[in-house]
Amino acid sequence: MPTKPPTFRNKAQLERIADRKRQARPETNKIYDGAWRRLRRHHLAANPLCVECFKLDKIVEATVVDHIQPVAIAPDRRLDPTNFRSCCQSCRSIMSQNWKANGINEVPNRRS
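The C-terminal position of the sequence shown is numbered 111 in numbering that gives the first Met the number 0, with every residue numbered one higher than the one before it.
As structure tokens, then:
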């Protein structure tokens with residue numbers, strides 16, 4: 000059975016899609032504005048590896064910039080580059096679960 004060919008979108012189409020997603024979540028637009036996206040992009044360029052995986056001697060590309068002190072606790076440090084850490088989506092999910100369960104924004108001790 001034939002498969003559907005991949006869909007390729009140009010930059011303008013991708014921006015329209017992103018705008019629609021932002022409009023669907025107005026509460027996050029206050030935190031993740033243009034200044035945040037710019038800082039996030041620069042931080043990932045300067046720190047491309049997941050810091051938590053690196054502690055375990057793993058080389059994993061970071062895809063997420065996390066606030067060390069969450070914005071809910073320290074809103075004044077939202078755009079402070081010293082409050083950022085690069086991490087992969089897996090580590091970020093673990094940190095998020097740990098934050099919700101224990102109020103600690105770190106990866107629990109783990110081996111490999």
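Even glycine gets a Cβ: it sits at the ideal position worked out from N, Cα and C.
None of these values were measured; they are calculated from a predicted model.
Ala11 versus Asn101 - alpha carbon distance
In this structure, the straight-line span from the alpha carbon of Ala11 to that of Asn101 is close to 42 angstroms.
Chain B within 8 angstroms of Asp79, Cβ atoms only:
Protein chain content of the structure displayed is limited to a single chain, and chain B is not contained in it.
At which residues does the alpha helix (DSSP H) containing Val64 begin and terminate?
No alpha helix (DSSP H) holds Val64; the beta strand (DSSP E) holding it covers 63 to 66.
Identified DSSP bridge partners for Leu48
Within the DSSP secondary-structure output, Leu48 pairs in a beta bridge with Glu60.
When the Cα of Leu38 is compared with those of Ser89, Val63, Ala71, Cys49, which residue comes out closest?
If we check each option's Cα against that of Leu38, Val63 comes out closest.
Check for me: the beta strand (DSSP E) holding Arg84 runs from which residue to which?
Boundaries of the beta strand (DSSP E) around Arg84: 83 to 86.
Give every residue of the same chain whose Cβ lies closer than 7 angstroms to the Cβ of Val50, excluding the five residues on either side of it in the sequence, and list them in chain order.
Here the set comprises Arg84, Ser85, Cys86.
Measure the beta-carbon distance from Ala45 to Leu78 and round it to whole angstroms, keeping in mind my assumption that it falls under 8 angstroms.
With 8 angstroms as the limit, Ala45 and Leu78 do not qualify as a contact, their Cβ atoms being about 15 angstroms apart.
C-alpha distance - Ser111 paired with Lys57, whole-angstrom precision
In this predicted model, Ser111 has a pLDDT of only 47, less than 50, meaning its place in the structure is not dependable; the value taken from the coordinates is given anyway. Each residue's CA atom was taken as its position, placing Ser111 and Lys57 some 8 angstroms apart.
Straight-line Cα distance separating Pro80 from Leu43:
Distance between the alpha carbons of Leu43 and Pro80: 11 angstroms.
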